[in-house]
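Read the structure below first, then the notes.
Residue numbers (our numbering): 40 to 445.
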């Protein structure tokens with residue numbers, strides 16, 4: 040099977056997305072994957088630029104090329120202008136339509152994998168099968184990304200486009216049960232996961248060697264869906280605990296300013312790191328956190344880092360967003376204010392048996408349900424056969440909890 044994936048970001052950025060994982064595993068299964076990534080763009084986004092140290096050899100069967108961009112627009116791509124992320128990605132998608140159509144014909148592509156709203160014209164302009172993956176609530180994200188456009192009719196248009204893509208694609212996957220419940224047609228709920236085999240080779244010496252004592256950590260994008268104000272308040276309440284925040288994004292400068300303003304000497308910001316280094320930091324953490332803001336974007340999200348934390352056998356404290364609560368019932372600690380969040384962290388640090396139970400349950404769930412090899416097999420079956428049976432996550436969680444408690 041030959042799959043073409045037009046990616047509106049940089050494949051070798053610091054962001055190791057669900058598409059990196061799924062498509063790399065499909066290569067391992069013997070399929071041919073063609074990735075056409077966007078040009079480097081001057082937007083403060085973790086996935087917009089290549090990262091030094093991320094030049095790993097591609098899996099056998101994968102090639103990465105570039106989406107063509109008109110000469111007249113190249114200056115625009117590379118000029119930092121606020122609130123142009125959606126516009127730039129939209130223009131990349133629209134101006135590359137002819138290139139994608141030619142590529143499909145030349146390489147005899149079987150499946151075109153789409154994942155973003157500006158790609159909607161391709162559903163009607165290609166001869167191969169089409170698949171749409173809804174990894175996030177794109178309508179809610181658009182509303183936050185550009186409130187003015189959303190109020191001027193952009194939100195309604197985004198909803199129409201998303202509904203159209205879901206209805207017209209040959210097959211559809213969604214990343215969370217919250218998103219699945221919003222869709223009328225039959226879809227495959229394909230959550231995020233982790234690669235246990237890879238993460239078992241990661242050690243935490245990069246951070247532990249600093250000898251700074253108990254550590255709480257976050258790895259991910261510094262974006263609007265993360266409640267960094269909550270993190271800062273919790274760090275103030277726990278001066279004896281070190282907080283290491285790994286990543287980059289549009290909120291990074293704000294967080295750095297707050298750390299300085301509040302005099303938080305127990306907070307370390309690493310900035311952008313290659314994936315292997317980011318995971319090394321995560322492996323050195325004692326407790327990992329998912330401090331998301333409340334709202335439709337976070338509620339519908341199935342955070343990839345949740346499963347990477349779990350695969351690394353880390354106890355997790357999270358705000359009570361809907362999808363994470365469904366997945367983490369019985370083994371993740373939930374809190375929504377600084378006092379409770381700090382208390383949940385202290386409880387894990389003080390009670391090794393509670394921390395071990397949380398870590399063991401999370402790891403078992405990843406092995407049995409949320410591992411990329413299994414998820415990629417489901418994805419492969421859907422693309423080849425048009426249907427696949429969902430795995431029942433709740434029953435798997437219940438069985439694991441029962442075994443660990445007995």
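Note that CB positions come from ideal geometry on N, CA and C, so glycine has one too.
Asked: Environment of residue 434 [buried if 16+ CB atoms lie within 10 Å]; Found: Per-residue confidence for residue 434 stands at a pLDDT of 49, beneath the threshold of 50, marking its modelled position as unreliable; no derived number is given.
Asked: Residues that residue 372 bridges to, as DSSP identifies them; Found: 356
Asked: Helix, strand or coil at residue 436 according to DSSP, with G and I counted as helix; Found: A caution first: residue 436 carries a pLDDT of 48, below 50, which makes its placement in the model unreliable, though a value can still be read off. Helix.
Asked: Secondary structure, beta strand (DSSP E): runs of 3+ residues fully inside the stretch 329-356; Found: none
Asked: Residues that residue 410 bridges to, as DSSP identifies them; Found: 233
Asked: Segment contact, 8 Å Cβ cut-off, at least three pairs: the stretch 241-253 with the stretch 262-271; Found: no
Asked: Collapsed DSSP secondary structure at residue 239 in the structure displayed; Found: coil
Asked: Beta-carbon gap between residue 258 and residue 346 smaller than 7 Å; Found: no
Asked: One or two residues paired with residue 45 in a DSSP bridge; Found: 75
Asked: Span separating the alpha-carbon of residue 101 from that of residue 309; Found: 31 Å
Asked: Cutoff 6 Å; reference residue 154; Cβ partners in own chain excluding five residues on either side; Found: 172
Asked: Own chain, CB closer than 6 Å to residue 241, minus 5 neighbours either side, in chain order; Found: 318, 319, 322
Asked: Best match in 71, 60, 45 for proximity to residue 128 [C-alpha to C-alpha]; Found: 45
Asked: Closest by C-alpha distance to residue 237, when choosing among 360, 143, 64; Found: 64
Asked: Test item: CB-CB of residue 177 and residue 156 under 7 Å; Found: yes
Asked: Cα-Cα separation, residue 106 to residue 408; Found: 35 Å
Asked: Contacting residues, own chain, Cβ-Cβ under 7 Å from residue 216 (five flanking each side not counted); Found: 228, 362, 365
Asked: Residue 426 - DSSP class collapsed to helix/strand/coil; Found: coil
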